[in-house]
Structure formats: C-alpha cells, structure tokens
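S.K.: First, the structure itself, so that you have it in front of you.
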Amino acid sequence: MIPVLFKKRGSRSSLAVVLLLSLVGLSLLLAACGSGGTTIASPTDLLTPGVLTVGSDTSYPPQEYIDPTTHKAAGFDVDLITAMAKLMGLQAKIVDTKFATIIDDLVARRFDVVISAVSITPVRQKNVDFVPYLNAGESLLVQKGNPKHIQSTDDLCGLAVGVQEGTIEQGVLQSSSDNCKEQEKPAIKIIAQQDQMAVIQLLATNRAVATYQDSPVTDYYSKQNPDLFEGAGSAFAPGPEGIVVRKNDPSMFNAIQTAYQQVKVANTYHQLIFKWGLTNEELAAADRRRNSA
Numbered sequence: 000m001i002p003v004l005f006k007k008r009g010s011r012s013s014l015a016v017v018l019l020l021s022l023v024g025l026s027l028l029l030a031a032c033g034s035g036g037t038t039i040a041s042p043t044d045l046l047t048p049g050v051l052t053v054g055s056d057t058s059y060p061p062q063e064y065i066d067p068t069t070h071k072a073a074g075f076d077v078d079l080i081t082a083m084a085k086l087m088g089l090q091a092k093i094v095d096t097k098f099a100t101i102i103d104d105l106v107a108r109r110f111d112v113v114i115s116a117v118s119i120t121p122v123r124q125k126n127v128d129f130v131p132y133l134n135a136g137e138s139l140l141v142q143k144g145n146p147k148h149i150q151s152t153d154d155l156c157g158l159a160v161g162v163q164e165g166t167i168e169q170g171v172l173q174s175s176s177d178n179c180k181e182q183e184k185p186a187i188k189i190i191a192q193q194d195q196m197a198v199i200q201l202l203a204t205n206r207a208v209a210t211y212q213d214s215p216v217t218d219y220y221s222k223q224n225p226d227l228f229e230g231a232g233s234a235f236a237p238g239p240e241g242i243v244v245r246k247n248d249p250s251m252f253n254a255i256q257t258a259y260q261q262v263k264v265a266n267t268y269h270q271l272i273f274k275w276g277l278t279n280e281e282l283a284a285a286d287r288r289r290n291s292a
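Counted from 1, the sequence shown has number 74 at position 75 by numbering that gives the first Met the number 0; the numbering is strictly sequential.
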C-alpha cells in the first residue's frame, strides 16, 4: 500500500495547515485500506447511473436461480458479480432473461453485462468479449441407479434426453444423434426446454431418461436430490465460462476485468467457490485464457 504524501507549498506553512493536511492524508489512507487499496473506475456507459444491470438466466443452480424464500436471484454468479459491482461503487441489478437470446439482448443494450454460465466459444467471441471466471465441463444426470446404464452421449441413441435451448450441450446432443443415424441406430429424442428447471422436470416425471448440462448443475441436483438423481459417467470437455461484455466497450471491459482480478486478490472469489461447492470448477490464477477473440 502506497502512503499518501503531500508536498510543502512553502517554508512558512502554518501548523494548522500541516495538521489539516495530515488528517486528510490519514483519512485517504484509511479509505484506501478499507477498499483493498485499489479504486476501480466505474464504466462510463451504464444503462442506469449507479447500477450495473446484469442479464442472467436464473434457472441454472448453483450458479444462478431464484431463491424460493426471498424470491431474489441467488447463486455463485450472482454473489460474484455483486461483489465486483460493489468494488466499482455500483449496485448490481439482475435481470432474468432466456439463455437462448441472452447474448443478442446484451448486444441490443438490454443489459450492461451478462453472467450466466456462458461457455466461451470462438463463435460467441466473434460477437462479444469475455472475462473468464470459471472452468466447467458437460455431464449427464440420470435417475437414481442409472437404469439405462448410461455413461456418455454415445449411449443415448433412441432415448429421450432433456437439454436447455441454445446451449452448447444442445449442439453436442445433435451431433451425437447424427452419429447414431450414421451407425444405423435410432436418433436421440432431444427435448429442448427454455429453462433448466423445466429440463430437470422431464427427468423427474419420466419424460426423459437423462438430461445434459454443465457439470456444476449435475452436481447440484444430484446432491440436492440423492434419492432421485445421480450423475452418469465423467464430465466431458471442460472449458472456461466468462462474464460477457459487448465488443468495442473498453470502459466496461476494463472495469469488469479489474474488479474480477480484485475479488481474486481479496480471496472473495475462493470463498464463494467454497460456499457454492464449485471447487472442481475454480479458475486458478495459472489457468488464464484469452479474454477476447
């Protein structure tokens, strides 16, 4: 921490002035210590002054969901972006939206940023920039006991499988279904739903034999409902998820990137990882990836 120093205006400065400057310097020093020693400039193009408006599909626990008790957004992503907004002197406002259109809505300036378990892909990087914050794979959730003995997407030919619309997993299932047909096996019956909770309901009501989603979601539902569900096989294709920022918005990107770095330095990030049980998905400092295309 760098102490605040004052240069003398002249050799005849009064004692009162010296004391006043000392007190001002001390107050600034304490303020710097209280804020972690770093002041993060607030973005210059906020939709609402003093507010960081955040787009998120709040149906994807443990990263984002609506708490049934408070009826407010909760989860790892929500806690993280709230802590980051606070460092910028802003209040985070979560706006619920559908995942399938979430990036288009960001580009159309419905939000300032997006945090919603968005995987970083080359296709998405053509339209938006990312600040990586989590490393997650894809995995299958099945009924307790795994009656169909499913271990991978190769085992899904001819079976009904739930998935959230617009996700990477939907594309993977389609590719697996095409492979089934190439092998002269029945195609996968892909049932796409707009939100993840509706996807899980397919499994709970026997309308699907499996669901396919990010590994943190599989872990969450299997832990919350151990008598109903379990994970099948191992997680596939681990890769980074990122906070999404519009392209050509350096003020927002720099503020988000700096705030994320500061929550990591302050250990807030690790504490939230532990709180939400995402230790397998923690993005280590040595695991840095490119932030934009």
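Note that CB positions come from ideal geometry on N, CA and C, so glycine has one too.
Count the other CB atoms within 10 Å of the CB of residue 111; is the residue buried (16 or more) or exposed (fewer)?
M.R.: Its Cβ being crowded by 16 or more others within 10 Å, residue 111 is buried.
S.K.: Within its chain, find whatever has a CB closer than 8 Å to the CB of residue 29; leave out the 5 residues flanking it on each side and keep chain order.
M.R.: Unreliable placement is indicated for residue 29, whose pLDDT of 35 sits below 50; the coordinate value is still reported in the next sentence. Correct list: empty, nothing qualifies.
S.K.: For residue 187, I'd like the list of residues in its chain whose CB is within less than 7 Å of its CB, leaving aside the five on either flank, ordered along the chain.
M.R.: Hits under 7 Å: 155, 156, 158, 160, 172, 175, 176, 179.
S.K.: Indicate whether residue 149 and residue 139 have their beta-carbon atoms separated by less than 8 Å.
M.R.: Cβ atoms of residue 149 and residue 139: closer than 8 Å.
S.K.: Taking the alpha-carbon positions, what's the residue 77 to residue 228 distance?
M.R.: Computed Cα separation, rounded: 26 Å.
S.K.: How far does the alpha helix (DSSP H) with residue 176 in it reach, from first residue to last?
M.R.: Run containing residue 176: 167-181, per the alpha helix (DSSP H) assignment.
S.K.: Assuming residue 92 contacts residue 51 (C-beta within less than 8 Å), just tell me the rounded distance between them.
M.R.: Correct: roughly 7 Å between the Cβ atoms.
S.K.: Check whether the Cβ atoms of residue 219 and residue 168 sit closer than 8 Å, and answer yes or no.
M.R.: No, the Cβ-Cβ distance between residue 219 and residue 168 is not below 8 Å.
S.K.: If you draw a straight line from the alpha carbon of residue 70 to that of residue 56, how long is it in whole angstroms?
M.R.: Each residue's Cα considered, the two are about 15 Å apart.
S.K.: Please name the residue or residues paired with residue 273 in a DSSP beta bridge.
M.R.: BP columns for residue 273 are empty, so no partner.
S.K.: Which of helix, strand or coil does DSSP assign to residue 98?
M.R.: Residue 98 falls in the helix class under three-state DSSP.
S.K.: List in chain order: all unbroken alpha helix (DSSP H) runs of 4+ residues lying wholly within the region 40-116.
M.R.: Those alpha helix (DSSP H) runs which fall completely within the region 40-116 and span 4+ residues are 75-86, 101-106.
S.K.: Write down the C-beta distance between residue 191 and residue 202 rounded to the nearest angstrom, noting that I regard them as a contact closer than 8 Å.
M.R.: The Cβ separation is near 14 Å, so there is no contact.
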